[in-house]
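For the protein sequence lines, the chains are A and B, in the order given. Add 5 to the 1-based position in the first sequence for the working numbering, that's all there is to it. Add 786 to the 1-based position in the second sequence for the working numbering, that's all there is to it. Cβ coordinates follow ideal geometry from the N, Cα and C atoms, glycine included. To start, the structure itself, in structure tokens.
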Amino acid sequence: MSFPMKLDDSPYSEKGERKMGKMVRQGDVLFLPRDNNLDDFEGISMPQSGKYTVLIGEKSGHAHKLDGDGVTFAPAGERSRGERGAIGFALVSKPVLLTHEEHAPLTIEPGRYEIRRQRTYDPHAVRMQRRRHVEEVMD
Amino acid sequence: MYFLIGVLAYSVLALIVGYVMLAIKVDGADTPPVVAVVTGIVWPLTMVAGIVVGFLVGMNYFLMWFWKRADEVVFRVTQKEVDRSDYGILYRGRASEGERKVLVVSDTTGTYRLIVDPQMNTAHEAVAWTFQLSDKTYKPEAQS
Numbered sequence: 006m007s008f009p010m011k012l013d014d015s016p017y018s019e020k021g022e023r024k025m026g027k028m029v030r031q032g033d034v035l036f037l038p039r040d041n042n043l044d045d046f047e048g049i050s051m052p053q054s055g056k057y058t059v060l061i062g063e064k065s066g067h068a069h070k071l072d073g074d075g076v077t078f079a080p081a082g083e084r085s086r087g088e089r090g091a092i093g094f095a096l097v098s099k100p101v102l103l104t105h106e107e108h109a110p111l112t113i114e115p116g117r118y119e120i121r122r123q124r125t126y127d128p129h130a131v132r133m134q135r136r137r138h139v140e141e142v143m144d
Numbered sequence: 787m788y789f790l791i792g793v794l795a796y797s798v799l800a801l802i803v804g805y806v807m808l809a810i811k812v813d814g815a816d817t818p819p820v821v822a823v824v825t826g827i828v829w830p831l832t833m834v835a836g837i838v839v840g841f842l843v844g845m846n847y848f849l850m851w852f853w854k855r856a857d858e859v860v861f862r863v864t865q866k867e868v869d870r871s872d873y874g875i876l877y878r879g880r881a882s883e884g885e886r887k888v889l890v891v892s893d894t895t896g897t898y899r900l901i902v903d904p905q906m907n908t909a910h911e912a913v914a915w916t917f918q919l920s921d922k923t924y925k926p927e928a929q930s
């Protein structure tokens, strides 16, 4: 199985219209509907059924899990991870439940999603980045 | 705490090395010169080096921890509300890097604080930034 999928569980309706997913946020994880840019989906195939762990919390150890069939998931590559904070991509063919120990469960509607993780601003890292940039310019 | 862990770890390592050296010395009828050198010079030096390295490593972590806490205290003393909405409360305050902005969000897991880009002006813009989106794009239809 590879993207874009051309099966009965395609995210496209019979009329050829794309079934758009809904933007859903559960704590520090965001399911962002994606439509046109399929580059990130190419060459990946990892059909999953049952429960799939999207992200495990570093401190609490609690996990965001997709509970249900019809999910194709692929972890994000270095570029997507670095540029946009993406942790993975999911193709959802039928409604699945996103669960977590501390958050209420949410339904993920069929569609293509980019899954992003919340970030924070790191003043120290920014300072180091600026310093490196200045050093490069001076060299 | 990091300081103590550092000193302890390196001291234990030095003690183990010393113990092994002593064991070799006791087992032998005559002390070979190499063992005498090891027990007399290498062990004490390892011990001293362990404590010094442990101190430096521990001190480094301690200073990082202290700097972070000091920044938080300064920020909380100087913080002023910038914006308040359903997305949270955005505060502006002082810190070691200059102006710092912090978004305070309450959800089912409790209240938490996120340092955001100082260029953010609204809570909506700030929470969108945490997901690398603009406030026009960030509109979740469901959240928990």
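What does residue i reach in chain A if we use C-beta pairs closer than 9 Å?
i, result
"Arg886 of chain B", "Tyr126 and Pro128"
"Ile901 of chain B", "Thr125, Tyr126, Asp127 and Pro128"
"Lys925 of chain B", "Met28"
What does the alpha-carbon distance come out to for the pair residue i and residue j?
i, j, result
"Arg2 of chain A", "Gly73 of chain A", "One cannot answer for residue 2 of chain A here, as it falls past the ends of chain A, which runs 6 to 144."
"Val820 of chain B", "Ile791 of chain B", "32 Å"
"Gly879 of chain B", "Lys866 of chain B", "6 Å"
"Gly82 of chain A", "Val902 of chain B", "25 Å"
"His108 of chain A", "Gly93 of chain A", "20 Å"
"Val59 of chain A", "Val798 of chain B", "40 Å"
"His67 of chain A", "Ser98 of chain A", "26 Å"
"Lys130 of chain A", "Trp851 of chain B", "At residue 130 of chain A the sequence reads Ala, which differs from the Lys that was named. C-alpha separation (whole angstroms): 15 Å."
"Pro918 of chain B", "Gly90 of chain A", "Residue identity check: residue 918 of chain B is Gln in the sequence provided, not Pro. So the two alpha carbons sit approximately 7 Å from each other."
"Asp872 of chain B", "Tyr126 of chain A", "21 Å"
"Glu106 of chain A", "Gly62 of chain A", "11 Å"
"Glu140 of chain A", "Asn846 of chain B", "24 Å"
"Phe848 of chain B", "Ala856 of chain B", "12 Å"
"Gly874 of chain B", "Met25 of chain A", "28 Å"
"Arg870 of chain B", "Arg86 of chain A", "30 Å"
"Asp33 of chain A", "Ser65 of chain A", "13 Å"
"Phe78 of chain A", "Tyr57 of chain A", "8 Å"
"Val838 of chain B", "Gly826 of chain B", "19 Å"
"Thr923 of chain B", "Val868 of chain B", "22 Å"
"Arg137 of chain A", "Pro128 of chain A", "14 Å"
"Thr895 of chain B", "Pro100 of chain A", "25 Å"
"Glu927 of chain B", "Lys854 of chain B", "36 Å"
"Leu37 of chain A", "Ile802 of chain B", "54 Å"
"Gly75 of chain A", "Lys925 of chain B", "25 Å"
Using the DSSP secondary-structure output, state which residues sit across from residue i in a beta bridge.
i, result
"Glu885 of chain B", "B:Arg880"
"Val29 of chain A", "A:Phe36 and B:Ala928"
"Phe94 of chain A", "A:Ala79 and A:Glu119"
"His105 of chain A", "His105 of chain A is not bridged to any residue."
"Ser871 of chain B", "B:Gly874"
"Leu900 of chain B", "B:Leu889"
"Ile61 of chain A", "A:Ala68"
"Leu111 of chain A", "A:Leu103"
"Lys866 of chain B", "B:Arg878"
Excluding five sequence neighbours on each side, which residues of the same chain lie with their C-beta closer than 7 Å to the C-beta of residue i?
i, result
"Lys11 of chain A", "Because Lys11 of chain A carries a pLDDT of 37, less than 50, the predicted location of this residue cannot be relied on, and the following value inherits that uncertainty. Correct list: empty, nothing qualifies."
"Thr2 of chain A", "Residue 2 of chain A is absent from the model: chain A starts at 6 and stops at 144."
"Arg39 of chain A", "Arg117, Tyr118 and Glu119"
"Glu911 of chain B", "Asp921"
"Val843 of chain B", "Gly792"
"Gly836 of chain B", "Tyr796, Ser797, Leu799 and Ala800"
"Leu102 of chain A", "Asp72, Gly73, Pro110 and Thr112"
"Arg124 of chain A", "Gly90"
"Ala881 of chain B", "Asp857, Val860 and Phe861"
"Leu876 of chain B", "Val868, Asp869, Lys887, Leu889, Met906, Thr908, Ala909 and Ala912"
Among residues of its own chain, excluding the 5 on either side of residue i, which ones have a beta-carbon nearer than 6 Å to its beta-carbon?
i, result
"Leu35 of chain A", "Arg121"
"Gly840 of chain B", "Gly792, Val793 and Tyr796"
"Gly48 of chain A", "Residue placement at Gly48 of chain A is poorly supported in this model, since its pLDDT is 46, which falls under 50; the coordinates still yield a value, given next. None."
"Lys27 of chain A", "Glu114"
"Met833 of chain B", "Ala800"
"Pro80 of chain A", "Gly93"
"Arg899 of chain B", "Val888 and Val890"
If the cut is a Cβ gap below 8 Å, which residues of chain A does residue i touch?
i, result
"Thr908 of chain B", "Those within 8 Å of Thr908 of chain B in chain A number zero; the least Cβ separation is about 16 Å."
"Thr864 of chain B", "Within 8 Å Cβ-Cβ: nothing; Thr864 of chain B doesn't reach chain A, min ~15 Å."
"Asp893 of chain B", "Gly32 and His108"
"Ser871 of chain B", "Within 8 Å Cβ-Cβ: nothing; Ser871 of chain B doesn't reach chain A, min ~15 Å."
If you drop the 5 nearest sequence neighbours on each side, which residues of the same chain put their C-beta closer than 8 Å to that of residue i?
i, result
"Thr897 of chain B", "Val890 and Val891"
"Trp915 of chain B", "Val902, Asp903 and Met906"
"Ser930 of chain B", "Asp893 and Thr894"
In chain B, which residues lie less than 9 Å from residue i when you measure between Cβ atoms?
i, result
"Gly90 of chain A", "Thr916, Phe917 and Gln918"
Do residue i and the ligand NAP come close, with the Cβ less than 8 Å from some heavy atom?
i, result
"Gly90 of chain A", "In the structure on display, the ligand NAP does not appear, and there are no ligands present to speak of."
Mind pulling the chain A residues with CB within less than 7 Å of residue i?
i, result
"Ser797 of chain B", "In chain order: nothing, as chain A lies at least about 30 Å away."
"Ala928 of chain B", "Lys27, Val29 and Leu111"
At 7 Å on the CB atoms, spell out the chain B contacts of residue i, in chain order.
i, result
"Leu102 of chain A", "Chain B residues near Leu102 of chain A: none, gap ~12 Å exceeds 7 Å."
Who are the neighbours of residue i on chain B, taking C-beta pairs under 8 Å?
i, result
"Leu60 of chain A", "Near Leu60 of chain A there are no residues of chain B at all, since even the closest Cβ is about 13 Å away, more than 8 Å."
Would the segment 880-890 of chain B and the segment 844-862 of chain B be scored as touching if the rule is three or more Cβ pairs under 8 Å? In this structure the segment 880-890 of chain B touches the segment 844-862 of chain B; the number of beta carbon pairs closer than 8 Å is three or more.
Residues of the segment 107-125 of chain A whose Cβ lies closer than 7 Å to any Cβ of chain D, in chain order: Among the chains of the structure shown, chain D does not appear; the protein chains present are A and B.
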